[in-house]
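Okay, so here's the structure we're looking at.
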Amino acid sequence: MTSVLLRNITRLAAVAIIACAATAAAQNQGNLQISTTPPGALVTLQGDMSLSGVTPVAFDRLLAGRYRVDVTRDGYERYRSTAYLSESLTTTLDITLVPKTRLKALFRSLIVPGW
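Numbering (this note's numbering), first residue to last: 10 to 124.
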């Protein structure tokens with residue numbers, strides 16, 4: 010009798026551990042993935058939370074609402090956009106960065122010193 014009870018308690022504990030592990034794994038999965046061409050760009054998100062990472066990046070939080078996306082990399086134009094995220098949907102952004110041209114850089118330097 011005690012061995013049957015002990016076996017059932019062990020099974021119940023194993024099921025509980027597996028259920029908790031699955032829930033924890035689901036909570037660690039984010040809903041926003043960003044990649045850039047070329048990779049290695051700095052991504053900053055501003056919204057309900059402020060997050061940053063280097064591409065390719067998968068944010069490990071479930072994000073919802075409006076977020077401003079800012080992507081920068083030396084030698085490339087800054088990319089700015091707004092993303093509307095839902096906790097129930099995974100959003101993937103594939104961004105192609107545009108190289109800065111010397112003419113644009115010269116023009117900006119005349120307008121904004123040190124740029």
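From the three backbone atoms N, C-alpha and C, an ideal C-beta is built for every residue, glycine too.
None of the values given here were measured: they were computed from a predicted structure.
Put simply, the backbone Cα of L54 is about 6 Å away from that of S61.
Residue environment for A50: buried (at least 16 other C-beta atoms within 10 angstroms of its C-beta).
Within the same chain, L71, L72, L94, E96, L98, T99 and T100 come within 7 Å of N40 by CB-CB distance, once the 5 residues on both sides are set aside. At least 8 Å separates the beta-carbon of P108 from that of G74. Comparing alpha carbon positions, the residue from T46, A92, P122 and V52 closest to Y76 is A92.
Spatial neighbours of P65 in its own chain (CB-CB distance under 8 Å, excluding positions within 5 residues in sequence) are listed in chain order as Q42, I43, S44, T45 and P48. Going by C-alpha positions, S118 is about 14 Å away from E86.
In this structure, L102 places its C-beta atom within 8 Å of the C-beta atom of V78. Excluding the 5 residues flanking it on each side, Y88 has same chain C-beta neighbours closer than 7 Å at V80, I104 and L106, in chain order.
Rounded to whole angstroms, the separation of the alpha carbons of T110 and V121 is 16 Å. Secondary structure of L41 (DSSP, three-state): strand.
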